[in-house]
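> Please see the structure below; I have some questions.
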Amino acid sequence: MAAEMQIPVIDVFAGPGGLGEGFSSFSAEGCNPFRIALSIEKDTHAHQTLRLRSFFRQFARGKAPKIYYDVLRGDLSLDELPRRLMEKSTEHYRKWQVAEAESLHAELGVKSSHASISEKIAKAIGDRKRHWVLIGGPPCQAYSIVGRVRNRGNDDYKIEEDHRSTLYREYLQIIAEHQPSIFVMENVKGMLSATLQKQRIFEQILSDLSAPEATLPNGQLLRYRIVPIVDHSRSRRDQKLLPTDFIVACERFGVPQRRHRVILIGIREDLGDVNVPTLKPSEPPTVREMISTLPRLRSGLSRKFNGKGYIPLKDDPQLWKEVIQHWTIDSGNDALWLDTLADDDPATHTLIVSTVEKLRIPQKDRRGDFIAAEKTPDAPAALKKWIVDDRLKGTCNHESRLHMDSDLARYIFAACHAQVHGDSPKLNQFPRRLLPRHANAKDEKLIFDDRFRVQVAGSPATTVTSHLSKDGHYFIHYDPSQCRSMTVREVARLQTFPDNYLFCGPRTAQYIQVGNAVPPWVACQIAESVWKTLEDSGKIE
Numbered sequence: 004m005a006a007e008m009q010i011p012v013i014d015v016f017a018g019p020g021g022l023g024e025g026f027s028s029f030s031a032e033g034c035n036p037f038r039i040a041l042s043i044e045k046d047t048h049a050h051q052t053l054r055l056r057s058f059f060r061q062f063a064r065g066k067a068p069k070i071y072y073d074v075l076r077g078d079l080s081l082d083e084l085p086r087r088l089m090e091k092s093t094e095h096y097r098k099w100q101v102a103e104a105e106s107l108h109a110e111l112g113v114k115s116s117h118a119s120i121s122e123k124i125a126k127a128i129g130d131r132k133r134h135w136v137l138i139g140g141p142p143c144q145a146y147s148i149v150g151r152v153r154n155r156g157n158d159d160y161k162i163e164e165d166h167r168s169t170l171y172r173e174y175l176q177i178i179a180e181h182q183p184s185i186f187v188m189e190n191v192k193g194m195l196s197a198t199l200q201k202q203r204i205f206e207q208i209l210s211d212l213s214a215p216e217a218t219l220p221n222g223q224l225l226r227y228r229i230v231p232i233v234d235h236s237r238s239r240r241d242q243k244l245l246p247t248d249f250i251v252a253c254e255r256f257g258v259p260q261r262r263h264r265v266i267l268i269g270i271r272e273d274l275g276d277v278n279v280p281t282l283k284p285s286e287p288p289t290v291r292e293m294i295s296t297l298p299r300l301r302s303g304l305s306r307k308f309n310g311k312g313y314i315p316l317k318d319d320p321q322l323w324k325e326v327i328q329h330w331t332i333d334s335g336n337d338a339l340w341l342d343t344l345a346d347d348d349p350a351t352h353t354l355i356v357s358t359v360e361k362l363r364i365p366q367k368d369r370r371g372d373f374i375a376a377e378k379t380p381d382a383p384a385a386l387k388k389w390i391v392d393d394r395l396k397g398t399c400n401h402e403s404r405l406h407m408d409s410d411l412a413r414y415i416f417a418a419c420h421a422q423v424h425g426d427s428p429k430l431n432q433f434p435r436r437l438l439p440r441h442a443n444a445k446d447e448k449l450i451f452d453d454r455f456r457v458q459v460a461g462s463p464a465t466t467v468t469s470h471l472s473k474d475g476h477y478f479i480h481y482d483p484s485q486c487r488s489m490t491v492r493e494v495a496r497l498q499t500f501p502d503n504y505l506f507c508g509p510r511t512a513q514y515i516q517v518g519n520a521v522p523p524w525v526a527c528q529i530a531e532s533v534w535k536t537l538e539d540s541g542k543i544e
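Residue numbering for the sequence shown is 4 to 544, as defined by our numbering.
The structure is reproduced here in structure tokens:
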């Protein structure tokens, strides 16, 4: 399908491009009906990720040039790519220029830039008589349940003063000005219960999105019908929808992660009484199926507590092994927790001892930006095809992070507990000597009692979040012999990003990008529903 025949998609608050990846990858009868015409993102590193991926999308499947893979393998820096493209291929450099124009580094919600952004959106859409689709999710931190819990005791925090709580109005203004045929808005589940000036934010958002303050070219008021993308018993037209009807539980649709998000589909009323096909449930793969074939790595060492304060540790493979032995099978105060476990949980105790006695330093150590390895995941065939790129011949964004010495003991305990009991231990199940030094770790009313959470191998993962950028305690690898939190590539696979999707910037920025993204696998299914809705309208040229 020629680019001029494809339906333009504008992706706002795009992050690293999870929604856009799903729409651009959707195929119908061998063609890609949707084309990302413009992606808008304020974060510098996420914008770099978007731009590089846009370059990749300029090529037919399997036809991306070798120089793209040189960047993924670390043989060529991203900064050097444009110059090398200019030297090597005029055609490829033009495609890079298209990617630069398509990926806009700008902040929505800033008055001084609104006119310029609106002009670029209008240019990207082109002919207003043709269909186009708006996608995106305004920043969600102000709505999230975790964020509200953290701010509960902060007298200085007021949600009405948090500009992120009203950024959906920027989304609304784009709808009013440019009138998409369909829009897809994604946000956190906490949006349903958040309040602003004693009114439910969700109710206000639904009202605003249904009736933007604008008129169509024929003089009629612009109106949208807001519908869910999942099938609920109350989703029939003769019954009132509930807010929870808009929640998409991603694990129900083949995503290896229990990620629950609000998805709103807005259909412009002049398209007629069209139905939006709901997503078709499918079984999710497990954590093990998604990441077990990635190269084994060890954790790094950052520091230790010497009784008075924290002192740095020099990261070293042999020292890593010695630290784990010190905290487990060696005699001494730091290993006393394992003695108490022998009576309290003998099966977990036995597994820990066996794991440490057999401990080997992984061949790839902690590795780095790229690891040559060709094993593919054990996921279902369709998802495996989505993830794997035979031309990559390795793994990027796969490097372990540094941890405190005592955290290694917590990780090996948690992973062994999960193998034995099939679940991640709560803090009150940890041996008391392994509890963190934080005062609230010993509080029986602790809100976050799963501060150390291992991802159970035989189940879908819990929600990948941007908090991974701060520490890896919520995403401990299920394999106790690796004794670490998960890498960017591992959580990217749990988010269903293809292996040839490079996350740019420092590792902290990479975790934030992955944590904030929409899983492309479910985004592709949403794209299929949107396409069928447009087909049903009878107005596809």
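Glycine included, each C-beta is placed from N, C-alpha and C at the ideal position.
Please read all numbers here as calculations on a predicted model, not as lab measurements.
With H, G and I counted as helix, E and B as strand and the rest as coil, what does DSSP make of N336?
Numbered from its first residue, the sequence shown carries residue 336 at position 333. Helix.
> Across the segment 405-417 and the segment 509-528, are there enough close Cβ pairs to call them in contact, namely three or more that are closer than 8 Å?
Judged by Cβ distances under 8 Å, the segment 405-417 makes no contact with the segment 509-528, as fewer than three pairs qualify.
> For M188, count neighbouring C-beta atoms within 10 Å of its own C-beta (all shown protein chains included) and say buried if the count is 16 or more, exposed if not.
As a position in the sequence shown, residue 188 is number 185, starting the count at 1. It is buried - the Cβ of M188 has at least 16 other Cβ atoms within 10 Å.
> Starting from V457, follow the alpha helix (DSSP H) in both directions and report where the run begins and ends.
Reading the sequence shown from its first residue, position 454 is the one you call residue 457. Counting along the chain, V457 falls outside any alpha helix (DSSP H), and DSSP gives it neither H nor E.
> Please identify the residue among N431, K192, R496 and H352 whose C-alpha is closest to the C-alpha of P142.
Within the sequence shown, the letter at position 139 stands for residue 142. Out of N431, K192, R496 and H352, K192 has the C-alpha closest to the C-alpha of P142.
> On the three-state DSSP scale, how would you describe F551?
The requested residue 551 is not part of the displayed model; the chain covers only 4 to 544.
> Using the Cα positions of H181 and A40, report the straight-line distance between them to the nearest angstrom.
Locating residue 181 in the sequence shown gives position 178, counting from the first residue. Locating residue 40 in the sequence shown gives position 37, counting from the first residue. If I take the Cα positions, the gap works out to 14 Å.
> Could you give the uninterrupted runs of the alpha helix (DSSP H) lying entirely in the segment 506-540, keeping only those of 4 residues or more?
510-519 and 523-539
> In the DSSP assignment, find the unbroken beta strand (DSSP E) run with E286 in it and report its ends.
Translated into the one-based positions of the sequence shown, residue 286 becomes position 283. For E286, there is no enclosing beta strand (DSSP E), as DSSP marks it with neither H nor E.
> Looking only at its own chain, which residues have a Cβ that is under 7 Å from the Cβ of S427, when we skip the five neighbours before and after it?
One-based indexing of the sequence shown puts residue 427 at position 424. A417, A421, D453, R456, V457 and V459.
> For the beta strand (DSSP E) that contains P11, what are its first and last residues?
Numbered from 1 along the sequence shown, position 8 holds the residue referred to as residue 11. P11 -> beta strand (DSSP E) spans I10 to V15.
> Quick one: Cα of D539 to Cα of P383, how far?
Position 536 of the sequence shown, counted from the start, is the residue given in the question as residue 539. Position 380 of the sequence shown, counted from the start, is the residue given in the question as residue 383. Cα to Cα, D539 sits roughly 31 Å from P383.
> Using the DSSP secondary-structure output, state which residues sit across from C399 in a beta bridge.
Position 396 of the sequence shown, counted from the start, is the residue given in the question as residue 399. The partner list for C399 (beta bridge, DSSP) reads F373.
> Any idea if C527 is buried or exposed, counting beta-carbon neighbours within 10 angstroms, 16 or more meaning buried?
To locate residue 527, count along the sequence shown from 1; it is residue 524. That one is buried.
> I need the DSSP call for K307, collapsed to helix, strand or coil.
Counting from 1 along the sequence shown, the entry for residue 307 is found at position 304. Of the three classes helix, strand and coil, the one that applies to K307 here is strand, per DSSP.
> Grouping DSSP H, G and I as helix and E and B as strand, with all else coil, what is S586?
The structure shown does not extend to residue 586, since the chain spans only 4 to 544, so no value can be given for it.
> Could you tell me which of G23, A102 and L304 sits nearest to S562, measuring between CA atoms?
In this structure the chain extends from 4 to 544, so residue 562 is not present and cannot be described.
> Buried or exposed: which applies to D313, given that a residue is buried once 16 or more other Cβ atoms fall within 10 Å of its Cβ?
Sequence index remark: in the sequence shown, residue 313 carries index 310 (1-based). Contrary to the premise, residue 313 reads as Tyr rather than Asp in this sequence. When all chains shown are included, Y313 counts as exposed.
> Rounded to whole angstroms, how far is the Cβ of R261 from the Cβ of A464, which I believe are closer than 8 Å?
Taking the first residue of the sequence shown as position 1, residue 261 is located at position 258. Taking the first residue of the sequence shown as position 1, residue 464 is located at position 461. That belief holds up - the Cβ atoms of R261 and A464 are roughly 7 Å apart, short of 8 Å.
> What separation, rounded to the nearest whole angstrom, lies between the Cα atoms of F341 and V423?
Along the sequence shown, one-based indexing puts residue 341 at 338. Along the sequence shown, one-based indexing puts residue 423 at 420. It is Leu, not Phe, that sits at residue 341 in the sequence shown. Those two C-alpha atoms are separated by around 16 Å.
> Classify C419: buried if its beta carbon has 16 or more other beta carbons within 10 angstroms, exposed otherwise.
Sequence index remark: in the sequence shown, residue 419 carries index 416 (1-based). C419 should be labelled buried.
> Can you give me the C-alpha to C-alpha distance between F58 and A49, rounded to a whole angstrom?
For the purposes of this step, residue 58 is identified with residue 55 of the sequence shown, where counting begins at 1. For the purposes of this step, residue 49 is identified with residue 46 of the sequence shown, where counting begins at 1. Using only the alpha carbons, I get a separation of about 14 Å.
> Pick helix, strand or coil for R228, following the three-state DSSP scheme.
Here residue 228 corresponds to residue number 225 of the sequence shown, with the count starting at 1. Here R228 carries a strand assignment [DSSP, helix/strand/coil].
> Sorted by chain position, which residues of the same chain lie with C-beta nearer than 6 Å to R151's C-beta, five sequence neighbours on each side aside?
As a first step, residue 151 must be located in the sequence shown, where it is residue number 148. Here R151 scores only 37 on pLDDT, less than 50, and its place in the model is too uncertain to base an answer on.
> By Cβ distance below 8 Å, which residues in the same chain neighbour Q51 in space, the five residues on each side in sequence not counted?
One-based indexing of the sequence shown puts residue 51 at position 48. Counting only Cβ-Cβ distances below 8 Å, and skipping sequence neighbours, we find L81, C507 and G508.
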